[in-house]
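Protein chains in written order, with full-length UniProt numbering: chain A, 1 to 350; chain B, 1 to 159. Notes follow the structure.
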Amino acid sequence: MEGLYDGNMELKEIQTLAGHSDRVWSLAWNPATGTSNNPPVLASCSGDKTVRIWEQTPSNRLWHCKAVLEETHTRTVRSCAWSPCGKLLATASFDATTAIWENIGGDFECVSTLEGHENEVKCVSWNASGSLLATCSRDKTVWIWEVMPGNEFECVSVLQGHTQDVKMVKWHPTMDVLFSCSYDNTVKVWADDGTGDWHCVQSLGESNNGHSSTVWALAFNAEGNRMVTCSDDLTLKIWEADVGGMQSGNDLVSWNHLCTLSGYHDRTIFSVHWSREGIIASGAADDALRFFVESKDGLVDGPSYKLLLKREKAHDMDINSVQWGPGETGLLASTSDDGTIKIWELATLT
Amino acid sequence: MVSGLINANPVIYEKKERRVRSSPSVGDDEHAVEPIDQLEVFDHIRDIKDPEHPYSLEELKVVTEDAIEVDDNHSYVRVTFTPTVEHCSMATVIGLCLRVKLMRSLPQRYKVDIRVAPGTHATESAVNKQLNDKERVAAALENPNLVDMVDECLAPSYA
Chain A
1 MEGLYDGNME LKEIQTLAGH SDRVWSLAWN PATGTSNNPP VLASCSGDKT VRIWEQTPSN
61 RLWHCKAVLE ETHTRTVRSC AWSPCGKLLA TASFDATTAI WENIGGDFEC VSTLEGHENE
121 VKCVSWNASG SLLATCSRDK TVWIWEVMPG NEFECVSVLQ GHTQDVKMVK WHPTMDVLFS
181 CSYDNTVKVW ADDGTGDWHC VQSLGESNNG HSSTVWALAF NAEGNRMVTC SDDLTLKIWE
241 ADVGGMQSGN DLVSWNHLCT LSGYHDRTIF SVHWSREGII ASGAADDALR FFVESKDGLV
301 DGPSYKLLLK REKAHDMDIN SVQWGPGETG LLASTSDDGT IKIWELATLT
Chain B
1 MVSGLINANP VIYEKKERRV RSSPSVGDDE HAVEPIDQLE VFDHIRDIKD PEHPYSLEEL
61 KVVTEDAIEV DDNHSYVRVT FTPTVEHCSM ATVIGLCLRV KLMRSLPQRY KVDIRVAPGT
121 HATESAVNKQ LNDKERVAAA LENPNLVDMV DECLAPSYA
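Take a look at the structure:
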């Protein structure tokens, strides 16, 4: 593996997707697409209160807007997430609701609306099996919903622990363990104690080498034994799970700070995502994209990460979200306050 | 009514004389882009009305020209404002007005930081954090009551 990504990668701008009339907050690639006979599809959501579905045309590889999901949310749509099977799309809005959309013969219909949060819902995430959904809000709570037959969603737990606005929730890629990050500067880990009661099992704060300002996002590596978080404190932090615990299949593994990447972005880092190939992408309010890989140079001091590539002025304004595409395509999508989504390809120099 | 005000008797200062910005002299390229400076930014915000008094932020010395830092090359502005009293609950509204006005007036490429002057507010870091969290700002601007309040304060600044 060593040297695989050493300086021989280039970032190609493939296409700019215009259509939203306000800032684009977030995007989600449909995980069931991007295979040889199934062109990649992604959803984007915006301050214009709509969600757009984009699809790549196989013949010319150009992207086009396939559908606009509107007249359901009455305020900003802050985040969106596809169910693992790719049939349902969940959208979280500042209107305090989460909507569930089903693709019925190419048309997206809102089949359920999840109500309960007191104010802005900031994020929504499906667990690996698609049986649970998590949402979080400025009301400081995290809700866990069980997916029932007939597009019914039942709230099974309201998690209280954050002292401020919860910015993001994300399920672990293999275990039913939930992670949340907040304006209170912490990342919290939530697990079921085996009786259906959910508890905070770990809180990663400044005293555990955690962040000193709002934590905006987190992502996992493919193996699920490392996590990266990004923050308003202008750093990215890598965390590692205790490996023995992972191997024994115990959900209650503890996470430890591995290293901090600082000095790369000079304004708030809003988004981070880890590719299956091990490349971390970050997007920030400095309009720039950064890519990091594990460095094998300094093994004496333990694992470290180094900058692989950077792109200044990737967008005209703040970058709000970066997400790697499904499959082995090397595609990355980014969203921005400039109202666009950009599709990028990280390729090996030939 | 008077007893309900956060600061019932604010000190009113004189407005600074308006300076005419120097126009390019004959022979200069008329299409040359003039860099944005302190005074230009000040002109955008000086007439914003205080949320609880019929005076402008300039008259209350909540904003001054000197409290504006501009770096046009790096498209960066920082405005430091001084609430009239330490416990001013209107500080976030004033900050929101400043942010909205600059968002609407400056080119898109600009990054704007808004903060209260160090030592002038009881919950300084909390106010600063909120004013610079764009998600909180975006949500606030979808709240009709807050938008009405902001628009009312901004109205004189468009005159």
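Built from N, CA and C at the ideal position, the CB exists for glycine as well.
Segment limits, beta strand (DSSP E) that includes residue i
i: A:S125; result: V121 to W126
i: B:E69; result: I68 to D71
i: A:F94; result: Premise fails: A:F94 is in no beta strand (DSSP E) and is neither H nor E.
i: A:D287; result: Note, A:D287: premise wrong, no beta strand (DSSP E); not H, not E.
i: B:R19; result: Careful: B:R19 lies outside any beta strand (DSSP E) and carries neither H nor E.
i: A:T348; result: I341 to T348
i: A:T113; result: D107 to L114
i: A:E328; result: Segment: none, A:E328 is in no beta strand (DSSP E) and carries neither H nor E.
i: A:I53; result: V51 to Q56
i: A:C259; result: W255 to S262
i: A:E240; result: T235 to A241
i: residue 351 of chain A; result: Outside the displayed range of chain A (1 to 350) lies residue 351 of chain A, so it cannot be described from this structure.
i: B:Y13; result: Per DSSP, B:Y13 belongs to no beta strand (DSSP E) and is neither H nor E.
i: A:C65; result: W63 to L69
Neighbouring residues, chain B, relative to residue i (Cβ below 8 Å)
i: A:T214; result: K129 and D133
i: A:D316; result: Q108 and R109
i: A:R267; result: K111
i: A:Y305; result: Those do not exist, as A:Y305 stays about 26 Å from chain B at its closest Cβ, beyond 8 Å.
Partner residues on chain A for residue i, Cβ-Cβ distance less than 7 Å
i: B:E142; result: R75, T76 and F94
i: residue 163 of chain B; result: Residue 163 of chain B cannot be examined here, being either before or after the span of chain B that is shown, 1 to 159.
Beta-carbon proximity of residue i to residue j, cut-off 8 Å
i: A:L289; j: A:D266; result: no
i: A:T141; j: A:L159; result: yes
i: A:P326; j: A:W29; result: yes
i: B:C97; j: B:N7; result: no
i: A:S203; j: A:T186; result: yes
i: A:V51; j: A:T113; result: no
i: B:I48; j: B:L154; result: yes
i: A:S321; j: A:L27; result: yes
i: A:C45; j: A:W63; result: no
i: A:V147; j: A:G130; result: yes
i: residue 351 of chain A; j: A:L17; result: For residue 351 of chain A there is no data in the structure shown, the boundaries of chain A being 1 and 350.
i: A:N209; j: A:H257; result: yes
i: A:T72; j: A:C110; result: yes
i: A:T98; j: A:T57; result: no
i: B:S75; j: B:K111; result: yes
i: A:A333; j: A:L88; result: no
i: B:R78; j: B:D113; result: yes
i: A:T33; j: A:G105; result: no
i: B:L131; j: B:G95; result: yes
N- and C-terminal bounds of the alpha helix (DSSP H) containing residue i
i: B:D151; result: P144 to L154
i: B:E40; result: Q38 to I45
When the options are compared against residue i, the one with the closest alpha-carbon
i: A:A96; options: A:S137, A:C110 and A:H199; result: A:S137
i: A:A219; options: A:A43, A:K170 and A:W126; result: A:K170
i: B:N73; options: B:L146, B:V33, B:S56 and B:L102; result: B:V33
i: A:N225; options: A:S254, A:G205 and A:V215; result: A:S254
i: B:T84; options: B:E40, B:V112, B:V150 and B:L60; result: B:L60
i: B:V62; options: B:E14, B:Y158 and B:I36; result: B:E14
i: A:T163; options: A:N151, A:Y183 and A:A67; result: A:Y183
i: A:D48; options: B:N128, B:A139 and B:G119; result: B:A139
i: A:K313; options: A:W101, A:E152 and A:D337; result: A:D337
i: A:F270; options: A:D242, A:V77, A:I319 and A:W239; result: A:I319
i: A:Q15; options: A:P31, A:C65, A:F108 and A:R23; result: A:C65
i: A:H20; options: A:G34, A:T335 and A:L11; result: A:T335
i: B:A67; options: B:S105, B:P54, B:E40 and B:N132; result: B:E40
i: A:M168; options: A:G194, A:F153, A:H199 and A:K122; result: A:K122
i: A:E115; options: A:S125, A:N127, A:E154 and A:D107; result: A:E154
i: A:N151; options: A:F108, A:I100 and A:G161; result: A:I100
Interface partners of residue i on chain B, CB under 9 Å
i: A:E55; result: Going along chain B, no residue has its Cβ under 9 Å from A:E55, so there is no contact; the nearest lies around 28 Å.
i: A:E312; result: Going along chain B, no residue has its Cβ under 9 Å from A:E312, so there is no contact; the nearest lies around 12 Å.
i: A:Y264; result: What A:Y264 touches in chain B: nothing, since even the nearest Cβ is about 17 Å away.
i: A:R138; result: E135, R136 and A139
Where residue i meets chain B, residues with beta-carbon distance less than 7 Å
i: A:E120; result: A139
Proximity test, Cβ basis, 8 Å: residue i and chain D
i: B:E135; result: In summary, chain D is missing from the structure at hand, where the protein chains are A and B.
Mind listing, in chain order, the continuous alpha helix (DSSP H) runs of no fewer than 4 residues lying wholly within the stretch 88 to 133 of chain B? 91 to 105 and 124 to 131
Taking only runs that begin and end inside the stretch 139 to 163 of chain A, name each unbroken beta strand (DSSP E) of 3 or more residues, in chain order. 141 to 148 and 152 to 160
In chain order, which continuous runs of the beta strand (DSSP E) of length 3 or greater are located wholly inside the stretch 1 to 48 of chain A? Counting only runs of 3 or more residues that sit fully inside the stretch 1 to 48 of chain A, the beta strand (DSSP E) segments are 9 to 17, 24 to 29 and 41 to 46, in chain order.
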